[in-house]
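Peer 1:
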Amino acid sequence: MQEKVKAQPILSMNSVEVLYDNVMLAIKGVSVQVPKGEMIALLGSNGAGKSTTLKAISGLLKAERGRVSRGEIKFEGTDMTGMLAQNRVDMGICHVIEGRRVFEHLTPDENLTAAAPTGMSRSVLSAEKEKIYAYFPRLAERRNSLSGYLSGGEQQMLAIGRALVTQPKLLMLDEPSLGLAPFLVAEIFGILKKINEEEGMSVLLVEQNALAALEIVSEGYLIENGRVVMNGTAEALKSNSDIQEFYLGGGEGTDFHNVKHYSRRKRWLS
């Protein structure tokens, strides 16, 4: 059987360190690759450095008095380590921040219009909206309702839709399952997988719900205390005994929010 050739990375982080206030080292030598057209997950407990990693990629560290103090970040071969956030958006990177931030006083349709890039024609915007509504039928039904009255799941769908209307090459999502019922998580993750397959869009997913994430991604990176401590294919991670015990609840689906203590010391910290 011919071995599948791995796609070239659209995003490459090499030994990246992030400092906050020139004092606190938040991530320490993180190296991550996102092959073009694939879905990759960053897994880990709360405070491990996952969100900081995304902000280092999207350029949002400056707003929080953070900076990349070491290493490099390349997108499609271009070093963008010191680039402004807006320039990264122009390159095709879209970051959906944790917390379902939408304009609550606008309708979903108006939210999508507001998120459209400057200069996008009405015909292209209309086509993008219809594509988004096809992926998210719930949004289509509520397109003229005030977004503040949408359910949490519908607001998350709208947040993803706002990102999609920018036609990104790399979609980054920070905890899209947070606070959602399991059936909504399954629905949204299924749609993300469909978008990835049909559009060929590269996706970098930050998740504490490892069980849900590993069902849709091709590869995952486990981050703890600001370091990548393990990475591999989704199947390899799901079958790893340490991952099962510490992050999958022994295979019963416990997510990171419910992991309070460990029954034995993790091998990678020995």
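The letter at position 105 of the sequence shown is residue 105 when you use UniProt numbering, and the numbering goes up by one with no holes. The beta-carbon is built from N, C-alpha and C at its ideal position, and this holds for glycine as well. Owing to the predicted nature of the structure, the values given are computational and were not obtained by experimental measurement.
1. Helix, strand or coil for residue 69, going by three-state DSSP, please let me know.
2. Quick test of your reading: residue 54 and residue 34, contact by CB under 8 Å. State the CB separation rounded to the nearest angstrom.
3. Report the rounded CA-to-CA distance for residue 260 versus residue 119, giving the unit in angstroms.
4. Taking the alpha helix (DSSP H) that residue 135 belongs to, which residues open and close that run?
5. Can you check DSSP and say which residues form a bridge with residue 117?
6. Taking contact to mean 3 or more Cβ pairs, one atom from each stretch, closer than 8 Å, check whether the stretch 90-108 and the stretch 146-162 are in contact.
7. Of the residues 221, 198, 240, which one's Cα is nearest the Cα of residue 32?
8. Quick one: is residue 86 buried, meaning 16 or more other Cβ sit within 10 Å of its Cβ, or exposed?
9. Does DSSP put residue 229 in a helix, in a strand, or in coil?
10. Using a 10 Å radius around the Cβ and a threshold of 16 neighbouring Cβ atoms, would you call residue 8 buried or exposed?
11. How far does the beta strand (DSSP E) with residue 174 in it extend, from its first residue to its last?
12. Please specify which runs of the beta strand (DSSP E), each continuous and at least 3 residues long, are wholly inside the stretch 64-111, giving them in chain order.
13. Since residue 40 and residue 218 are thought to touch, with beta carbons under 8 Å apart, how far apart are those beta carbons, to the nearest angstrom?
14. How about the stretch 61-73 and the stretch 180-187: do they share at least three Cβ pairs that are nearer than 8 Å?
15. So the candidates are 203, 211, 225; which of them puts its Cα closest to the Cα of residue 57?
16. Given that a residue counts as buried once 16 or more other Cβ atoms are within 10 Å of its Cβ, and exposed if not, what is residue 126?
17. Do you know whose CA, among 20, 139, 198, lies nearest residue 63's CA?
18. Which residue's Cα is closest to the Cα of residue 91: 170, 43, 164?
19. If you reduce the DSSP assignment to three classes, tell me which class residue 217 lands in.
20. Taking its Cβ as the centre, do 16 or more other Cβ atoms sit within 10 Å of residue 43, making it buried, or is it exposed?
21. Please confirm whether residue 96 and residue 140 have their CB atoms less than 8 Å apart.
22. Is it true that the CB of residue 215 sits closer than 8 Å to the CB of residue 246?
23. Determine the closest residue to residue 147 out of 124, 172, 173, 109, with distance taken between C-alpha atoms.
24. Please work out which residues of its chain come closer than 8 Å, Cβ to Cβ, to residue 236, disregarding the five sequence neighbours upstream and downstream, and give them in chain order.
25. Tell me which same chain residues have a C-beta within less than 6 Å of the C-beta of residue 165, skipping the five on either side of it?
Peer 2: The structure says:
1. Residue 69: strand per DSSP, three-state reduction.
2. The Cβ separation is near 11 Å, so there is no contact.
3. Confidence at residue 260 is low in this model, with a pLDDT of 36, below 50, so the placement of that residue is unreliable and no value is reported for it.
4. 122-135
5. In the DSSP assignment, residue 117 is bridged to no other residue.
6. yes
7. 221
8. exposed
9. strand
10. exposed
11. 170-174
12. 66-75, 93-96
13. 7 Å
14. No, the stretch 61-73 does not touch the stretch 180-187.
15. 203
16. exposed
17. 20
18. Measuring from the Cα of residue 91, the nearest candidate turns out to be 170.
19. It is coil, neither helix nor strand.
20. buried
21. no
22. no
23. 109
24. Within the same chain, residue 236 has no close Cβ partners at all.
25. Only 112, 115, 116, 128 meet the Cβ criterion.
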